[in-house]
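The letter at position 167 of the sequence shown is residue 178 when you use my numbering, and the numbering goes up by one with no holes.
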Amino acid sequence: MTRAVFRFHADDISRLSRSLCQQIASLGDVPGHQAMLNMLARAVGFSNYQSWRATQESVPAVAEPARAELGTSAAHKAVARLVRYYDREGRLTHWPRKRSWQVPCLWLIAEHIPIGAVLSEPQVNALISARHTFGDYALIRRDLVMLGALGRTPDGREYWRNPQAAPEEVGVLQRALAEAR
């Protein structure tokens, strides 16, 4: 019988380690934080936490099929970082902190707003909400207007997509997300 492999992901290995330490503390003898980090790393085949961390910093967070396409250009390197912000359906799962990472995400959302259509605020909100999962359509809508991807009337009743060309990395990001599905 074959064994199913399930990927396990924690955004912060340190927070995971502390949580496990607290849970193990309730059972009895407790390893320290660094010992727990080393145990977690050894559990996935590394000699210690430092060797695991060294590989994590150098591995792009991109699906295997997309890695072959990604070259060495700046756009390709940016995409390797951005793919991890999306789920399998191509929806943005959390907002990047760096503005340089936010801009391609904004353009990708703007690509789903029809050019030439005049939309109400609720219609724009619905289109934006369909492209992310963290629930802050207002943040994205405001940033799309500031970026110039969306135009709006002074009172905010009507919105439209400005016909501007998106940066190169947006197309690369779209292809990488399509391949990751």
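Note that beta-carbon positions come from the ideal geometry of N, C-alpha and C, so glycine has one too.
- Rounded to whole angstroms, the gap between the alpha carbons of Ser25 and Met50 is 12 Å.
- A straight line joining the alpha-carbon of Ala187 with that of Asp166 spans about 38 Å.
- Residue environment: Ile35 is assigned as exposed (fewer than 16 neighbouring CB atoms within 10 Å of its CB, all protein chains considered).
- Beta bridge pairing from DSSP links Arg172 with Ile126 and Leu161.
- Within the DSSP bridge table, the entry for Ser28 names no partner.
- The count of Cβ pairs closer than 8 Å, one atom from the segment 86 to 105 and one from the segment 123 to 131, stays below three, leaving the stretches out of contact.
- The criterion of a C-beta distance shorter than 8 Å is satisfied by Ile120 and Arg142.
- When DSSP reads this structure, Leu103 sits in a beta bridge with Tyr97 and His143.
- Beta-bridge partners assigned by DSSP to Ser58: none are found.
- Annotation for Ala52: Asn59, Tyr60 and Trp63 place their beta carbon closer than 6 Å to its own, counting only its chain and skipping 5 residues before and after.
- Taking the Cα positions, Arg172 is about 18 Å away from Gly182.
- By the Cβ rule, the segment 90 to 104 does not count as touching the segment 152 to 163, because fewer than three pairs are nearer than 8 Å.
- At a Cβ-Cβ threshold of 8 Å, Cys116 and Tyr96 count as neighbours.
- Per the coordinates, the alpha-carbon of Asp40 lies some 56 Å from the alpha-carbon of Ala177.
- Cβ neighbours of Pro42 within its own chain (closer than 8 Å, five residues either side excluded): Cys32, Ile35 and Met50.
- Beta-bridge partners assigned by DSSP to Ser131: Glu169.
- Here Ile126 is exposed, its C-beta having fewer than 16 other C-beta atoms within 10 Å.
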